[in-house]
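Residue numbers (my numbering): 27 to 659.
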């Protein structure tokens with residue numbers, strides 16, 4: 027290994043091993059060889075190894091340089107040359123000396139230096155590890171992607187002695203696209219670029235060899251090109267010839283098994299600059315860059331998904347209610363017609379389908395919107411207290427009645443009273459409720475004086491009231507008083523794509539409320555949500571999402587987070603029922619595609635229009651055969 031011997035005024039000379047592609051000499055402490063002598067500039071000269079020769083080049087235009095007594099600004103060094111740099115005298119030897127010392131790098135402590143690893147290999151590896159550690163700290167603290175990428179390129183350039191560095195992406199590469207064709211040339215986009223002065227490069231696209239990058243993208247393996255102009259593979263490349271490239275390294279960026287770009291560094295002046303250990307280090311930094319870009323792309327995709335969801339909700343939201351399937355469009359049509367009147371509405375449907383939301387929307391769109399909206403759950407109040415809850419009581423009416431109190435009827439005056447789970451109301455209270463609805467007066471418990479009330483009644487139940495009437499559990503006259511207009515809510519399993527939109531809306535809402543890091547659903551989770559039957563309907567979906575948001579530590583909810591594994595699949599049904607269910611769903615799907623045009627749907631399906639009406643009748647009023655009931659609109 028070549029050696030520089032510095033002769034001092036006092037004491038024995040010091041020898042330095044020339045182990046780097048570029049060795050700097052000068053007065054400043056940051057030089058590889060620090061010369062403390064008169065006339066020596068801060069950065070005096072540098073010795074560059076071009077793969078074959080060691081060349082002395084000026085680093086300061088006014089610095090005094092002499093080689094074997096002759097003033098020169100640039101020269102090829104040979105064995106035995108004597109350099110005069112200001113008052114410092116240095117000898118160049120092509121051979122190593124046993125007592126030669128290697129300067130301590132900035133990132134290397136004295137203990138590392140004393141170990142004396144061959145050719146500075148351990149020093150460079152330690153410097154690389156320290157840079158990685160330093161970059162990891164930046165990764166934790168810095169949020170801006172561009173700043174992170176620029177910092178990473180600066181570190182890579184410094185570690186490899188490159189002149190320039192680039193982070194290159196394949197145009198259109200993202201986290202969800204199909205794998206790129208390995209045999210096709212890919213259009214490249216420079217995501218970040220830096221030079222040795224830690225500045226962005228203006229004409230970054232023209233400073234890279236696309237043939238070298240394409241080779242890396244197609245092979246998926248990192249490569250070193252020691253002398254690009256003389257290389258048999260790349261020497262004839264137009265970009266290599268035009269830029270007169272010398273040393274180049276490039277490592278692929280891989281995200282989820284897909285090559286999305288490359289990390290590229292080069293030096294146009296020095297040949298054989300890079301070594302295998304440096305390529306390994308570059309590959310490690312490329313992995314870091316892939317993670318940064320993966321997170322950035324994922325965040326971008328989630329933001330786009332959120333914007334798309336917001337746009338979809340504008341068309342599919344009816345007040346606070348979300349839905350666009352044919353059965354929900356029919357619900358909205360009825361609701362819009364009935365809301366402006368004062369007639370009673372009975373909302374039916376399975377538990378958790380959102381009956382209270384519908385009741386609130388009826389109130390919000392009515393002329394009573396400025397009045398109160400009062401809710402009472404008829405199944406949640408003990409039987410001995412429900413009369414007092416509904417109509418109020420006077421002081422002393424029963425044990426514990428220490429003061430007079432109005433009931434829900436009085437509180438709802440000039441507004442809407444929502445009687446939830448009306449099917450749970452005891453028979454003896456049904457009589458009093460019927461009288462209150464007919465006469466619009468109520469009597470407090472313990473008082474005979476009537477009180478007039480001006481209210482609108484909206485009731486809801488998940489029971490089949492016609493069957494309850496036949497079993498003697500519900501008064502028929504009260505049923506007809508409540509069921510002037512019936513609005514039936516379809517179960518979530520029959521609402522098609524609505525379930526996915528509702529799930530996304532609920533996640534957005536509760537992620538903010540619970541301060542959860544979750545940003546969306548994984549594709550598998552969305553598929554599982556659509557496939558699951560949801561026997562508890564929207565309430566069950568809402569509770570599953572809340573629980574998952576609290577327990578999940580990832581950015582995306584998985585099917586397992588929602589307890590939707592293989593056991594959550596739909597139960598097997600008899601073939602005839604499955605056939606009927608398929609026909610029903612298909613009819614509704616075609617009806618939706620025809621924007622609700624029943625005649626066109628019948629024509630497309632080749633059936634009588636009455637068949638379409640029959641399926642719609644089942645969709646809107648799934649009553650037992652022979653059951654009677656009002657279906658006024």
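All C-beta atoms in this analysis are idealised placements derived from N, C-alpha and C, irrespective of residue type, glycine included.
Burial state of residue i (16 or more Cβ within 10 Å)
i	result
residue 369	exposed
residue 105	exposed
residue 422	exposed
residue 498	exposed
residue 502	exposed
residue 39	exposed
residue 176	buried
residue 387	buried
residue 627	buried
residue 641	buried
residue 286	buried
residue 46	buried
residue 173	exposed
residue 354	buried
residue 486	buried
residue 146	Confidence is the limiting factor: at residue 146 the pLDDT is only 44, short of 50, which leaves the residue's position unreliable and the question unanswerable from this model.
residue 297	buried
residue 202	The predicted model places residue 202 with a pLDDT of 35, which falls under 50 and marks its position as unreliable; any figure quoted below should be read in that light. That one is exposed.
residue 544	buried
residue 185	buried
residue 563	buried
residue 304	buried
residue 621	exposed
Residue range of the unbroken alpha helix (DSSP H) whose run includes residue i
i	result
residue 437	434 to 437
residue 549	549 to 557
residue 398	From DSSP, residue 398 is part of no alpha helix (DSSP H); its letter is neither H nor E.
residue 414	409 to 417
residue 534	524 to 539
residue 699	The structure shown does not extend to residue 699, since the chain is modelled only from 27 through 659, so no value can be given for it.
residue 571	563 to 577
residue 382	381 to 390
Three-state class that DSSP yields for residue i in the structure shown
i	result
residue 488	coil
residue 316	helix
residue 446	strand
residue 176	helix
residue 353	helix
residue 512	strand
residue 423	coil
residue 62	coil
residue 637	helix
residue 611	helix
residue 115	strand
residue 183	helix
residue 311	helix
residue 144	Note on residue 144: pLDDT 43, under 50, position unreliable in the model; the coordinate value appears next. Of the three classes helix, strand and coil, the one that applies to residue 144 here is helix, per DSSP.
residue 428	coil
residue 371	strand
residue 482	strand
residue 215	strand
residue 583	strand
residue 518	helix
Residues sharing a beta bridge with residue i, DSSP
i	result
residue 221	190
residue 477	468
residue 458	Its beta-bridge partners do not exist; DSSP assigns none.
residue 278	288
residue 97	92
residue 344	347
residue 300	Answer by DSSP bridge pairing: none, since residue 300 is not bridged.
residue 544	DSSP, once it has assigned bridges, lists no residue as partnering residue 544.
residue 49	73
residue 40	32
residue 273	293
residue 441	481
Span of the beta strand (DSSP E), counted from its first residue to its last, around residue i
i	result
residue 237	Where residue 237 is concerned, there is no enclosing beta strand (DSSP E), although the alpha helix (DSSP H) it sits in stretches over 236 to 245.
residue 289	284 to 293
residue 31	29 to 33
residue 83	80 to 84
residue 100	100 to 102
residue 249	249 to 251
residue 4	There is no way to answer for residue 4, as the model of the chain reaches only from 27 to 659.
Heavy atom of the ligand NAP within 8 Å of residue i beta-carbon
i	result
residue 514	Of the ligands one can find in the structure shown there are none, so the ligand NAP has no counterpart to examine.
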